[in-house]
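>
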Amino acid sequence: DAGVIQSPRHEVTEMGQEVTLRCKPISGHNSLFWYRQTMMRGLELLIYFNNNVPIDDSGMPEDRFSAKMPNASFSTLKIQPSEPRDSAVYFCASSLFSAGGTSSNSPLHFGNGTRLTVT
Amino acid sequence: DQQVKQNSPSLSVQEGRISILNCDYTNSMFDYFLWYKKYPAEGPTFLISISSIKDKNEDGRFTVFLNKSAKHLSLHIVPSQPGDSAVYFCAASVGYGNKLVFGAGTILRVKS
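These protein sequences, in sequence, are chains Y and Z.
To convert, note that position 85 of the first sequence is 85 in the numbering used here; the numbers rise steadily by one, no gaps.
Whatever position you read off the second sequence (first residue = 1), add 1000 for the numbering used here.
Okay, here's the thing in structure tokens:
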């Protein structure tokens, strides 16, 4: 089991540029989550998918953020245009059931994150 | 408005002693609570959980206590070990199948 794989690990970009973060969930998991971690707010849920369908995107901060899940093994989070306040660590997580980590039998499995710096 | 609050940004404990990490929540509808642990440069990993029908859940050195009337939960680690040094996140959800709301995390340092 390779775990949740995120790329890139680090991304440094200039304000106004487009940024695309990628995620490969654990095979067989049917729910996928994008979280953002900042010092002030901790881990914030941006959006989650169940069976490739977006279920709740209420955490997406602005229209500059968009996420897609074209198939069960791949998801992207795009920021266009990026701004310095978007600098954070972005985590992707997957789980076996739509509970999304609300059961000890189906906890969230997180990737190692992408550290985004927008200058 | 943060619904899950971890008011202590950091905690330092001597090896072998008890570590107590605290978490408060404001949403009385939360009925499932979890703790996640995170090492540097890694994603958080699930540690222990408790449902609102219980007030205590134990797993080895880790015990979570829930006080519903105070809207407060705590994680006890006994005895603490240097390998426990990490960031600990408290999380909560309303019902099974709903999204997790995380706190800001507490950095635990266990000194040997």
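Don't be surprised by glycine CBs; every beta carbon is placed ideally from N, CA and C.
By the 10 Å Cβ neighbour count, where 16 or more other Cβ atoms means buried, how is Ala99(Y) classified, buried or exposed?
If you number the first sequence from 1, residue 99(Y) lands on position 99. Residue confidence for Ala99(Y) is low, a pLDDT of 48 falling below 50, so the modelled location carries little weight; the figure read from the coordinates is stated next. By the 10 Å Cβ count, Ala99(Y) comes out buried.
> Under 7 Å Cβ-Cβ, which residues of chain Y neighbour Glu1015(Z)?
Taking the first residue of the second sequence as position 1, residue 1015(Z) is located at position 15. Correct list: empty, because the minimum Cβ distance to chain Y is about 27 Å.
> So with Cβ pairs under 8 Å, would you call Glu1058(Z) a contact of chain Y?
Position 58 of the second sequence, counting from 1, holds the residue named residue 1058(Z). Taking Cβ atoms only, chain Y never reaches closer than 8 Å to Glu1058(Z), which makes this a no.
> Under a Cβ-count criterion, where at least 16 other Cβ atoms within 10 Å of its own Cβ denotes burial, should Gly1083(Z) be classed as buried or exposed?
Here residue 1083(Z) corresponds to residue number 83 of the second sequence, with the count starting at 1. Its Cβ having fewer than 16 others within 10 Å, Gly1083(Z) is exposed.
> With the cut-off set at 8 Å, would you say Asp1031(Z) and Ser1051(Z) are in Cβ contact?
As a first step, residue 1031(Z) is located in the second sequence; it is residue number 31 there, counting from the start. As a first step, residue 1051(Z) is located in the second sequence; it is residue number 51 there, counting from the start. The answer is yes: Cβ separation under 8 Å.
> Quick one: list the residues of chain Y neighbouring Gly1148(Z), beta-carbon separation under 9 Å, in chain order.
Nothing about residue 1148(Z) can be reported from this structure: the residues present for chain Z run from 1001 to 1112 only.
> For Ala2(Y), count neighbouring Cβ atoms within 10 angstroms of its own Cβ and tell me buried if that reaches 16, exposed if not.
Sequence index remark: in the first sequence, residue 2(Y) carries index 2 (1-based). Its Cβ having fewer than 16 others within 10 Å, Ala2(Y) is exposed.
> Between the region 85–96 of chain Y and chain Z, which residues of the former have a C-beta closer than 8 Å to a C-beta of the latter?
Phe91, Ala93
> Mind listing the chain Z neighbours of Asn112(Y)? Cutoff is C-beta to C-beta under 8 Å, in chain order.
Within the first sequence, numbered from 1, the residue matching residue 112(Y) stands at position 112. The answer, in chain order, is Ala1041, Glu1042, Gly1043.
> Within a Cβ cutoff of 7 Å, which residues of the same chain sit near Gly59(Y), ignoring the five residues on either side of it in sequence?
The residue you call residue 59(Y) lines up with position 59 of the first sequence. Answer for Gly59(Y): Glu44, Leu45, Leu46, Ile47, listed in chain order.
> Below 8 Å, can you find three or more Cβ-Cβ pairs linking the region 1026–1043 of chain Z to the region 1083–1092 of chain Z?
yes
> Identify, in the order they occur along the chain, each residue of the same chain with its Cβ nearer than 8 Å to the Cβ of Gln1014(Z), setting aside the five sequence neighbours on each side.
Locating residue 1014(Z) in the second sequence gives position 14, where the first residue counts as 1. Closer than 8 Å at Cβ, skipping near neighbours: Ser1080, Val1110, Lys1111.
> Is the shortest distance between the beta-carbon of Pro137(Y) and the beta-carbons of chain Z less than 8 Å?
An answer regarding residue 137(Y) cannot be provided, because it is not within the stretch 1 to 119 covered by chain Y.
> Tell me, please, which residues DSSP counts as bridged to Leu21(Y).
Counting from 1 along the first sequence, the entry for residue 21(Y) is found at position 21. Leu21(Y) pairs with Leu77(Y).
> Among residues of its own chain, excluding the 5 on either side of Lys1005(Z), which ones have a beta-carbon nearer than 8 Å to its beta-carbon?
The residue given as residue 1005(Z) occupies position 5 in the second sequence. Correct list, in chain order: Cys1023, Asp1024, Tyr1025, Thr1026, Gly1103, Ala1104.
> Opposite Pro54(Y) in the DSSP bridges: which residues?
Within the first sequence, numbered from 1, the residue matching residue 54(Y) stands at position 54. Partner(s): Phe49(Y).
> Is the region 11–19 of chain Y close to the region 71–88 of chain Y, with three or more CB pairs under 8 Å?
yes
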